[in-house]
Structure formats: C-alpha cells, structure tokens
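Under this note's numbering, the first residue of the sequence shown carries the number 112, and numbering increases by one thereafter.
Yeah, the Cβ is synthetic: ideal placement off N, Cα and C, and Gly gets one too.
Notes follow the structure.
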Amino acid sequence: MMVFAFAKAQDTPIVTAETVEPSQEIDPLQPARVAFYSAALPGLGQAYNKDYWKIPIVYGALGTGVYFAVDNHNEFQRYRTAFKERLAGRVDEFSIVNVDGSITEVISDDGLIDAQDFFRRRKELSILISAGMYVLQIIEANVDAHLSQYNVDENLTFAPDIH
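Below is the structure:
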C-alpha cells in the first residue's frame, strides 16, 4: 500500500509581501522586557503579556515554597533550641520532669540531632524549589512573549490532499 500526500493550491489570489499587512507590529525587545518585568516583580511579565489568570498560579507556587521554607526553619530552630538547652543541663520541651524530680527524655540527643538535620534539609529543599519556581515564571513569561509574536493569520493555510 502506497500513500502519497500532495498539497493542493487554494483558489485564492496570490498574496505578495506588499499586499499583506501584519496583524501586529513585531517588537524584538518585548521578550527581554517581559523577562525583566518578571524578574523585578513575579507575575508582572504575565500581566504585561495579558495572561492575568497566570498571576495567582505564580504567587501560589512561590508562596507555597516560602511557607514550607519558613515552617521547616521554625521546626529546625525548635529542635536546635531543645538540643542547646539539653547540652547546657537545663530542661527542654522534649523532657518531662517526674514527680520525684527525675527527668525523662522523650527524644534522645541523637533524635534531636537527626530532627535538626531532617528539617534543615527540608528547609534548603524548599528554598531551592522556590528559587526554581521564580526562574520558571521568568522563563514562562519570556517564552509566551516570543510565541505571541508569531504570525498565525488565516492567510497561512496548508491543505494536504491525500490520495
């Protein structure tokens, strides 16, 4: 079985470069301008591209990353403070003072160190993800500005004819 594809010319007059008026003026610096706006204030490049619906997504992604970075930092400080208190010989929040005056440690020293490492790594990962989202929104606005300048008029048609 052989399949051939041929392009069939439409019955429209020949269009030359002089007869076609561009639907919009091309601005070669627009993508750079949009990237700068997005870098200066996240979401501003999307607003410049008139993609207003993307702005809540940008701030949601950045806000989520910052929230988790702050939350993990607070947890890291909590376990770090408890470990410092324990090293200084004081009662920390993870120790229980019994009726007879003895102290029962709910979390061991090694557990406090492990918890500090865990929350420090999660904090650093959250910061990296937030930075990645920041860069990604700049790239997205730049690419959208590039693609918005492509000519997709009705004069650019191709009608394949398969026999």
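| Check | Outcome |
| --- | --- |
| Span of the beta strand (DSSP E) around residue 208 | 206-208 |
| Other residues of its chain near residue 172: CB distance less than 7 Å, five sequence neighbours each side excluded | 244 |
| Residue environment, residue 154, which counts as buried when at least 16 other CB atoms sit within 10 Å | buried |
| Between the CA atoms of residue 178 and residue 75 - distance to the nearest angstrom | Residue coverage of the chain in this structure runs from 112 to 274, which leaves residue 75 outside it and unanswerable. |
| Exposed unless 16 or more other CB atoms sit within 10 angstroms - verdict on residue 219 | exposed |
| Burial state of residue 239 (16 or more Cβ within 10 Å) | exposed |
| CB-CB length for residue 234 against residue 205, believed under 8 Å | 20 Å between Cβ atoms; not a contact. |
| Nonlocal neighbours in the same chain, by C-beta distance under 7 Å from residue 142, ignoring five residues either side | 253, 256 and 257 |
| Residue 193 versus 175, 226, 260 and 248, residue with shortest Cα-Cα distance | 226 |
| Buried or exposed by the 16-neighbour rule on C-beta atoms within 10 Å, applied to residue 275 | There is simply no residue 275 to check, as the chain begins at 112 and stops at 274 in what is shown. |
| In DSSP terms, what residue 216 is bridged to | 206 |
| Unbroken alpha helix (DSSP H) run spanning residue 262, endpoints | Unbroken run through residue 262: none, as it is neither H nor E. |
| Residue 156 beta carbon less than 8 Å from that of residue 241 | no |
| CA-to-CA distance, residue 170 to residue 251, given in whole angstroms | 14 Å |
| Inter-residue CB distance, residue 237 and residue 183 (contact presumed, cutoff 8 Å) | 6 Å |
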